[in-house]
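Residue numbers (this note's numbering), protein chains in the order written: chain A, 8 to 494; chain B, 8 to 494; chain C, 8 to 494; chain D, 8 to 494.
For each residue, glycine too, the CB sits at the ideal point set by N, CA and C.
Contents: one structure, followed by commentary.
Protein chains: 4
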Amino acid sequence: MALRTYQQYLESLQAMRPNIYKFDRLIEDVTTDPATRRTVRGHGWTYKHYDDEKYGDLLVTKSHLTGEPISRYLSLIESAEDMWQNSRMKRAAFQMTGTCTGGRCVGWTALNAMFITTYDIDKEMGTNYHGRLLDWLKQAQERDITVAGALTDAKGDRTKTPSQQEDADSFLHIVERRNDGIVVRGAKLMICGIAAANEIFVLPGSGYKEPDADYAVSFVIPRDAEGLTIVETRHPSDTRDEEDGFDNPVADGGITQSFLLFEDVFIPNERVFMAGEYKHSLSAVLNFIGPYRSAIGGCVAGQGDVKIGAAVLTARANGLSAKVFQDKITQMTINNETTFGMGIAAAAMGRKHPSGGWQCDTVLSNVNKVHVATLPYQTNILAQDIAGGIAETGCMPSYKDFTSKKYGHLIQKYMKAKASAESRARAARLVEWATIGAGVPGCMHGGGSPDGAKLVIRAASNLEDKVAHAKRLANITEDIQEPVKKK
Amino acid sequence: MALRTYQQYLESLQAMRPNIYKFDRLIEDVTTDPATRRTVRGHGWTYKHYDDEKYGDLLVTKSHLTGEPISRYLSLIESAEDMWQNSRMKRAAFQMTGTCTGGRCVGWTALNAMFITTYDIDKEMGTNYHGRLLDWLKQAQERDITVAGALTDAKGDRTKTPSQQEDADSFLHIVERRNDGIVVRGAKLMICGIAAANEIFVLPGSGYKEPDADYAVSFVIPRDAEGLTIVETRHPSDTRDEEDGFDNPVADGGITQSFLLFEDVFIPNERVFMAGEYKHSLSAVLNFIGPYRSAIGGCVAGQGDVKIGAAVLTARANGLSAKVFQDKITQMTINNETTFGMGIAAAAMGRKHPSGGWQCDTVLSNVNKVHVATLPYQTNILAQDIAGGIAETGCMPSYKDFTSKKYGHLIQKYMKAKASAESRARAARLVEWATIGAGVPGCMHGGGSPDGAKLVIRAASNLEDKVAHAKRLANITEDIQEPVKKK
Amino acid sequence: MALRTYQQYLESLQAMRPNIYKFDRLIEDVTTDPATRRTVRGHGWTYKHYDDEKYGDLLVTKSHLTGEPISRYLSLIESAEDMWQNSRMKRAAFQMTGTCTGGRCVGWTALNAMFITTYDIDKEMGTNYHGRLLDWLKQAQERDITVAGALTDAKGDRTKTPSQQEDADSFLHIVERRNDGIVVRGAKLMICGIAAANEIFVLPGSGYKEPDADYAVSFVIPRDAEGLTIVETRHPSDTRDEEDGFDNPVADGGITQSFLLFEDVFIPNERVFMAGEYKHSLSAVLNFIGPYRSAIGGCVAGQGDVKIGAAVLTARANGLSAKVFQDKITQMTINNETTFGMGIAAAAMGRKHPSGGWQCDTVLSNVNKVHVATLPYQTNILAQDIAGGIAETGCMPSYKDFTSKKYGHLIQKYMKAKASAESRARAARLVEWATIGAGVPGCMHGGGSPDGAKLVIRAASNLEDKVAHAKRLANITEDIQEPVKKK
Amino acid sequence: MALRTYQQYLESLQAMRPNIYKFDRLIEDVTTDPATRRTVRGHGWTYKHYDDEKYGDLLVTKSHLTGEPISRYLSLIESAEDMWQNSRMKRAAFQMTGTCTGGRCVGWTALNAMFITTYDIDKEMGTNYHGRLLDWLKQAQERDITVAGALTDAKGDRTKTPSQQEDADSFLHIVERRNDGIVVRGAKLMICGIAAANEIFVLPGSGYKEPDADYAVSFVIPRDAEGLTIVETRHPSDTRDEEDGFDNPVADGGITQSFLLFEDVFIPNERVFMAGEYKHSLSAVLNFIGPYRSAIGGCVAGQGDVKIGAAVLTARANGLSAKVFQDKITQMTINNETTFGMGIAAAAMGRKHPSGGWQCDTVLSNVNKVHVATLPYQTNILAQDIAGGIAETGCMPSYKDFTSKKYGHLIQKYMKAKASAESRARAARLVEWATIGAGVPGCMHGGGSPDGAKLVIRAASNLEDKVAHAKRLANITEDIQEPVKKK
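Quick look at the structure:
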């Protein structure tokens with residue numbers, strides 16, 4: 008095979024066993040069902056633009072395994088430059104689809120995390136996970152599949168470890184080890200872009216200790232694997248996905264998140280990349296969050312670009328000049344460029360791992376996660392501020408009312424401003440969609456919470472080094488210890 | 008009559024002519040229709056608690072006209088203390104219903120604004136609007152009706168005044184003056200709580216000059232007046248209002264906003280309070296925004312209280328202690344108390360108008376408007392931060408999936424944490440509802456935009472007085488003028 | 008006697024025993040010494056304006072003891088209105104002197120705190136402190152003295168209580184109880200405006216338990232009491248106080264803070280208001296911080312007004328219009344009015360104590376303390392932003408260089424802009440003085456730290472009430488307890 | 008010669024003609040005079056650590072002209088990696104000296120800006136400035152001199168261009184063109200680190216049009232050039248530089264800024280790099296601000312590191328654990344890493360100029376300037392918050408009082424906490440010094456104001472591209488133009 012066409016991508020999705028539900032209804036064809044077609048089209052953007060003059064270099068790169076042209080989403084990240092392309096590609100994807108195409112990027116980051124982690128496990132434990140991963144990766148590149156990624160477990164009672172839980176399945180775990188593979192049970196929750204994926208790359212959700220060894224598990228499976236049931240979650244205004252008209256203004260982009268329910272799913276050995284090596288489960292997670300928290304800055308910047316555009320468009324449709332709002336637009340731009348830039352910096356300050364993978368700077372990537380959990384909200388406020396009351400909560404009649412035979416002409420009469428009523432409504436709906444509607448990605452807790460990122464920052468920053476600078480500068484020779492009793 | 012019962016209130020709504028639509032469908036009974044019943048019940052809270060030990064004093068006061076007990080929502084605001092009760096009542100209403108019961112408060116503020124404005128018009132022009140208003144008010148108190156208020160016009164092209172618009176109806180205006188009354192045409196948009204109201208109090212939307220005299224119009228009409236068509240607007244996740252289960256978690260509260268379409272509506276003289284006195288249209292607006300922008304601080308604080316509670320509840324359901332988040336909770340508290348407090352201060356620093364009405368401090372009430380357009384957003388972020396990924400965008404399966412016969416048990420198995428799956432889902436849905444769902448009021452642009460408030464602050468602050476202090480302190484005697492050419 | 012003249016005030020200071028030092032030098036006359044004359048003149052502003060048309064009503068009120076006109080700074084605060092005058096007076100004082108005249112306000116707040124506290128002690132313990140306080144207060148009003156206040160102890164090791172300290176004097180305490188009075192030892196640090204005061208009102212610095220009973224002590228003494236040594240602390244750029252010219256641009260205002268060193272100071276019984284009643288020491292502090300943290304919002308607003316004026320003046324002197332910076336000026340205004348307003352609100356929501364004193368709302372006054380520790384810093388940034396590089400760190404040659412015979416003409420040639428070089432330098436020096444120089448008051452930690460205020464907010468806010476609202480709204484019946492183990 | 012020793016550096020400064028003044032006093036020896044010795048020692052840090060294991064690679068690089076080891080401060084910036092070393096070196100310099108060593112970095116940036124600009128001028132105009140610059144640079148590298156940089160003119164009335172000013176000298180300009188060189192007159196103000204420099208590299212302060220051609224001038228001169236008089240400006244608490252003891256706690260670091268007064272200074276041709284090519288004056292400035300606004304993020308981060316250390320040190324000296332303040336410390340860390348990281352990103356996203364120089368990304372470097380003008384202020388607030396009242400405004404007695412024979416023992420008795428009184432005072436003075444004292448650099452307006460940076464961001468961001476994304480996503484086909492009339 009090689010790089011697939013958009014049509015081939017759609018067909019590959021249609022060829023899979025239907026195992027996705029929403030509203031207690033089985034989705035027969037993810038490419039046409041209102042609940043999933045937008046995210047499929049959004050992910051399909053990547054397949055459509057392999058040859059694009061502007062985006063081709065972002066979307067296609069060379070396989071380090073075969074030298075053949077492959078989707079970047081299936082490549083090894085070997086350098087800062089590769090990460091920068093990652094950030095740029097994600098920014099472009101958000102600009103083009105309006106929101107997240109996370110069914111590709113999480114899986115990509117997961118396979119890169121396990122590329123490094125399996126190398127380390129093999130080195131320490133004498134296993135052969137790394138080779139397995141390369142074998143899988145090579146054929147994944149050849150098939151040009153879309154791979155989603157899954158980390159977050161159900162977690163149960165947050166005060167307990169996996170093995171302490173009343174329900175042992177609260178975290179996904181190995182329930183049987185067979186000669187030819189493992190059997191797993193549990194769930195992965197809030198998993199992005201599943202409906203658009205061919206396969207799902209699973210990682211442990213956290214670092215574990217010995218009693219939780221069975222929870223240290225990583226593998227990759229077809230989306231329609233036997234025993235796997237998928238339920239799509241809701242998102243704001245999600246039933247508009249099923250409506251006609253423009254109340255969901257974006258036709259070719261949309262975010263979905265799923266619950267993956269594993270009822271004793273069998274994974275053959277060649278697709279298992281960790282199965283009990285609990286000491287490496289934290290590394291797997293850290294190897295994931297480094298590039299992930301760097302590149303999401305690009306995502307958020309790309310959506311921020313759309314928010315700027317949508318807000319300005321609405322203002323102009325209202326009859327107001329962008330100049331009136333130039334300070335706000337500049338602040339939105341600063342927010343976008345800050346998350347984009349911090350990701351670039353985290354990559355730049357990274358280091359090469361012996362496996363050949365690239366590890367982004369821990370402090371900078373986690374600082375970026377905090378910004379990603381903060382700045383887009385300010386951008387949302389500014390977008391709603393600029394776009395006015397009709398955009399703030401989408402305070403306009405529905406498309407059905409807009410086209411009502413009884414009074415639709417009056418709605419349109421009174422919604423006309425500088426631009427036509429329809430253009431104005433579409434622009435305002437886009438602001439609503441991106442700031443308080445179906446286009447809002449879960450950027451605060453996606454890829455981990457900001458509080459988690461702060462813990463990493465704290466651990467990875469050398470506080471005592473800073474104290475030493477201060478002591479030397481102030482010429483203090485007394486040994487001043489950290490007091491034992493807290494305030 | 009006198010203070011009505013909740014039942015009487017419902018009956019009064021049912022007795023009106025159906026003229027409200029949503030989704031191109033006529034709403035036959037606002038008290039039972041899914042699109043409007045929540046807001047009716049929310050407004051009805053006030054009728055239910057007239058005798059309540061805790062809330063009675065907030066909800067009932069004495070008529071300055073008759074000395075009889077009346078709904079505070081139909082009273083004259085005569086003092087700072089009255090305004091403080093206003094703030095407290097609104098805070099309580101938001102705490103009890105989760106969101107806005109704006110069908111009472113806007114009308115109340117409007118009638119108080121016109122109480123002062125008609126006094127001034129009569130004094131200057133020799134008209135008798137004030138007496139008319141008192142007559143209407145007296146019987147409104149006796150009937151104990153719910154009165155909504157309407158200011159915002161369609162506005163058309165923002166670069167033009169009303170009479171310059173291509174479509175003369177872009178702002179509501181008088182199209183005919185008859186002996187017994189006036190006829191008006193145009194629209195009022197984004198009007199809150201209409202479905203819960205018996206009558207609608209209309210104010211001019213802005214200050215006008217002579218060519219726009221016909222746009223300077225104020226009156227009160229029954230909600231079902233002949234020629235008036237009402238279309239409910241959408242709000243985030245609004246179709247959940249029609250669903251079973253708890254995906255819209257709040258049964259007895261909800262916000263609606265409508266388009267009011269006036270097709271040559273006749274208003275009898277006794278209900279007209281301004282009809283061409285353009286010089287007083289700005290005063291009418293300013294007399295409105297003073298108390299309105301003071302008291303919305305209470306609204307926002309009340310919803311903020313709910314957000315704190317909902318976030319903590321979700322965290323506890325997740326198995327996490329509120330102590331983990333105490334800094335965030337304190338910040339949310341500070342936000343709530345700041346908007347509440349600034350409203351109290353604006354009332355305290357107010358002054359008595361010769362008519363007997365109370366005028367809140369201009370600078371402080373408008374400063375509060377800016378806080379109201381800012382701090383609740385920070386509170387939302389913190390609520391989502393505390394409550395986690397399931398609350399951030401409501402990333403959970405639907406109620407239908409939750410109760411699916413096929414896999415509902417698995418959803419519940421994996422959503423169980425410290426608390427039951429259902430409690431956890433309900434708590435998280437409440438956070439979603441209040442921060443990114445149907446419970447989000449339009450607090451940024453409602454009652455005017457923050458940029459408008461900043462213009463008022465600028466105009467009402469004495470900059471030169473501050474410059475004079477600086478000059479004196481720095482002992483500068485040179486006359487330093489404002490340079491003419493801008494940067 | 009009665010209200011004193013400014014001249015009488017100066018003479019009263021000159022008549023006292025010199026016991027204040029700075030730079031290891033005894034200050035013979037506080038009214039003329041460069042280290043103290045500015046703060047004396049600043050405090051003297053109040054004496055000069057008793058009859059002022061604009062300020063008289065703020066500065067003079069009627070004694071609730073005698074009905075005679077007295078300085079407001081020696082009055083009982085009996086109502087919200089009294090507190091509002093307090094806020095207004097402090098705002099005016101900062102506008103007129105550029106900075107803090109804390110030698111009057113802390114003492115005033117202290118005597119009001121002990122007015123309430125002694126009432127409660129007497130009621131509970133059968134003592135007669137309240138009568139003593141009234142006796143002292145009556146003659147203090149008659150003598151029209153300036154009374155500073157002192158709370159903060161040396162504190163030693165923050166992990167230990169007073170009686171656990173290695174050095175028992177780390178907190179001021181009673182070392183001897185005699186028939187005619189008590190003897191105290193210890194220190195009060197960072198005490199404001201001492202050089203301008205006739206007497207000092209001392210309060211315990213915190214709440215104490217039984218082993219620390221000797222630390223629960225309150226009294227008032229003459230500033231020149233036997234055994235009391237006072238050392239003035241430094242402040243930014245403090246040696247400019249001794250220079251000629253305009254590098255300290257403010258002649259009649261300035262803040263000082265002192266270390267008070269008590270070496271076995273005797274206090275006669277009639278001036279002792281607490282002497283071991285440890286159970287009431289926390290109340291004394293809380294009765295202090297309520298009005299104090301309300302009214303400092305006025306202080307900070309008044310200085311903020313000066314910062315706006317100084318920044319605009321510098322911009323105009325540079326040749327730039329205030330219009331260029333209008334968004335920044337509006338934000339500074341919002342900051343000022345927020346701290347002012349929150350103090351007003353804290354007073355408005357207060358309650359009458361049985362003693363006749365007024366107790367401000369706990370939550371609102373402490374929320375204001377947090378704003379006071381935050382917003383003025385933003386105002387400083389904006390002032391420096393508007394005023395440019397010469398104001399940011401005062402990056403201009405000294406007055407000596409400005410008037411140098413060798414090259415002073417060149418400095419003046421190149422500093423001339425729209426305004427003269429001298430006006431421009433004066434304006435910029437005023438911005439420097441107020442934002443990074445001698446005029447910066449210790450508003451973050453003065454009157455207690457913001458973290459302390461947050462603890463009070465946390466304790467005084469009813470979190471469970473908010474959780475109950477959320478539970479009811481979400482229709483959750485399960486009992487969801489606070490989890491025991493922390494995250 | 009080659010890399011110089013610290014001793015050689017000092018001797019080179021001592022060998023120059025004294026032409027620097029402060030307080031109307033000629034500074035005979037900048038290496039020993041209290042007003043300048045700290046900045047000399049701070050700059051000298053670079054000479055001392057050429058061979059340092061930790062810092063050597065930052066401080067020394069290879070000349071692209073000769074291949075010899077040279078000071079990085081005299082090197083050509085050829086790549087993103089070179090810029091990253093720039094950022095790292097500046098961060099290290101701030102960590103080691105506590106503040107700015109701007110006498111090296113501005114000159115370095117200036118010579119790099121003119122490296123590119125002279126290449127472009129020569130290409131367009133056929134001049135030979137680039138060769139001159141290389142000649143000068145080669146011998147500057149050989150002599151290993153310290154080169155300061157100067158851009159900011161006196162500017163006069165901000166509403167007028169240079170040639171419109173009443174005083175033609177308000178901007179530095181060419182007053183005579185001779186065969187062997189040019190003669191210039193005017194001033195450069197607020198120039199950093201001059202006392203520590205051997206030479207000064209001068210750039211035009213802005214972009215100019217034809218009538219202002221004589222103001223488009225760039226050259227390099229010895230600091231003691233004939234006709235050049237230098238006056239040091241003040242900074243906060245600057246007279247403490249002359250005091251004994253620890254009230255200025257930093258002995259080997261300090262920032263100075265000067266007024267450079269050019270009274271008809273002759274510049275020989277071989278040192279002139281622009282003389283009338285007004286079309287290139289804006290490029291010169293832009294070529295300067297790119298790398299400058301990138302690398303200042305490192306400066307600010309380095310000082311931020313010191314602020315964290317100093318605040319924690321003070322807290323521990325007070326007896327409080329850093330854990331109490333961990334959220335604040337993390338926020339300070341985020342601030343530091345954000346400015347550092349954005350500079351890294353601006354370099355990473357840069358491009359190679361045909362001359363061989365590296366041009367940083369315009370948007371990202373200017374976004375960083377805005378952060379540099381904002382985040383360090385928040386870091387200051389947090390440092391003062393953590394360190395308490397004694398650090399906030401340095402509210403402690405002077406060193407003279409601390410060691411007073413009369414009462415010094417009492418000061419020390421009461422300042423002792425967990426750590427000794429002296430350590431505690433030194434730590435608190437360091438916080439004061441870095442946040443409100445002599446160590447505060449002019450980071451808001453240094454290298455241009457944040458408002459200027461915002462203008463560049465606005466111009467360099469493609470707003471219409473963002474609007475186009477929004478239009479496409481919302482499927483709007485109508486042509487919506489920017490309305491002409493402003494709000």
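Might you give, ordered along the chain, the residues of its own chain that have their beta carbon closer than 7 Å to the beta carbon of Ile-274 (chain B), omitting 5 neighbours on each side? Position 267 of the second sequence holds residue 274 (chain B). Closer than 7 Å at Cβ, skipping near neighbours: Gly-188, Ile-189, Val-191, Phe-226 and Ile-228.
Which term fits Lys-130 (chain D), buried or exposed, when burial requires 16 or more other beta carbons within 10 angstroms of its beta carbon? The count along the fourth sequence starts at 1 and reaches residue 130 (chain D) at position 123. Looking at its Cβ environment, which holds fewer than 16 other Cβ atoms inside 10 Å, Lys-130 (chain D) is exposed.
Short CB-CB distance (under 9 Å) between Ile-464 (chain D) and chain A: The sequence position of residue 464 (chain D) within the fourth sequence is 457, counting from 1. With 9 Å as the cut-off, Ile-464 (chain D) counts as an interface residue toward chain A.
Give me the chain B residues within the contact set of Met-403 (chain A), using Cβ-Cβ distance strictly less than 9 Å, ordered along the chain. Indexing the first sequence from 1 puts residue 403 (chain A) at position 396. What Met-403 (chain A) touches in chain B: Leu-196, Met-197, Thr-240, Arg-241 and Phe-266.
Can you give the Cα-Cα distance for Cys-112 (chain A) and Val-209 (chain A), rounded to whole angstroms? The residue labelled residue 112 (chain A) in the question sits at position 105 within the first sequence. The residue labelled residue 209 (chain A) in the question sits at position 202 within the first sequence. Distance between the alpha carbons of Cys-112 (chain A) and Val-209 (chain A) is about 13 Å.
Mark Asp-245 (chain A) as exposed unless 16 or more other C-beta atoms lie within 10 angstroms of its C-beta, in which case mark it buried. Along the first sequence, one-based indexing puts residue 245 (chain A) at 238. So Asp-245 (chain A) ends up on the buried side.
Leaving out five residues before and five after Arg-479 (chain C) in sequence, what residues of the same chain have Cβ atoms less than 6 Å from its Cβ? Residue 479 (chain C) sits at position 472 when you count from the first residue of the third sequence. Setting aside the 5 residues that flank it on each side, Arg-479 (chain C) has no residue in the same chain whose C-beta is closer than 6 Å to its C-beta.
Kindly indicate the opening and closing residues of the beta strand (DSSP E) around Cys-199 (chain D). Start at 1 with the first residue of the fourth sequence, and residue 199 (chain D) comes out as number 192. Cys-199 (chain D) -> beta strand (DSSP E) spans 188 to 199.
For Met-281 (chain D), which residues does DSSP report across the bridge? Counted from its first residue, the fourth sequence places residue 281 (chain D) at position 274. The bridge partners DSSP lists for Met-281 (chain D) are D:Ser-225.
Among all the DSSP beta bridges, which residues are the ones paired with Arg-68 (chain C)? On the third sequence, position 61 is the one that residue 68 (chain C) refers to. A small correction: the amino acid at residue 68 (chain C) is Thr; Arg does not occupy that position in the sequence shown. The partner list for Thr-68 (chain C) (beta bridge, DSSP) reads C:Ile-77.
Any chain C beta carbon closer than 9 Å to Lys-425 (chain D): The residue you call residue 425 (chain D) lines up with position 418 of the fourth sequence. Yes, because at least one Cβ of chain C sits closer than 9 Å to the Cβ of Lys-425 (chain D).
Excluding the 5 residues flanking Arg-358 (chain C) on each side, which residues of the same chain have their C-beta closer than 7 Å to its C-beta? For the purposes of this step, residue 358 (chain C) is identified with residue 351 of the third sequence, where counting begins at 1. Gln-366.
Between Ile-262 (chain B) and the rest of its own chain, which residues show a CB-CB distance below 6 Å, the 5 nearest in sequence each way excluded? Residue numbering aside, residue 262 (chain B) sits at position 255 when the second sequence is read from its first letter. Thr-106, Cys-107 and Pro-448, listed in sequence order.
For the segment 30 to 48 of chain A, list every residue whose C-beta sits within 8 Å of some C-beta in chain D, in sequence order. Per Cβ criterion, the list is empty.
Closer than 9 Å, CB to CB, is Val-491 (chain C) near chain A or not? Position 484 of the third sequence, counted from the start, is the residue given in the question as residue 491 (chain C). With 9 Å as the cut-off, Val-491 (chain C) counts as an interface residue toward chain A.
By the 10 Å Cβ neighbour count, where 16 or more other Cβ atoms means buried, how is Gln-15 (chain A) classified, buried or exposed? Sequence index remark: in the first sequence, residue 15 (chain A) carries index 8 (1-based). Around the CB of Gln-15 (chain A), fewer than 16 other CB atoms lie within 10 Å, so the residue is classed as exposed.
Work out the CA separation of Phe-101 (chain B) and Ser-405 (chain C) for me, nearest whole Å. For the purposes of this step, residue 405 (chain C) is identified with residue 398 of the third sequence, where counting begins at 1. For the purposes of this step, residue 101 (chain B) is identified with residue 94 of the second sequence, where counting begins at 1. Each residue's Cα considered, the two are about 59 Å apart.
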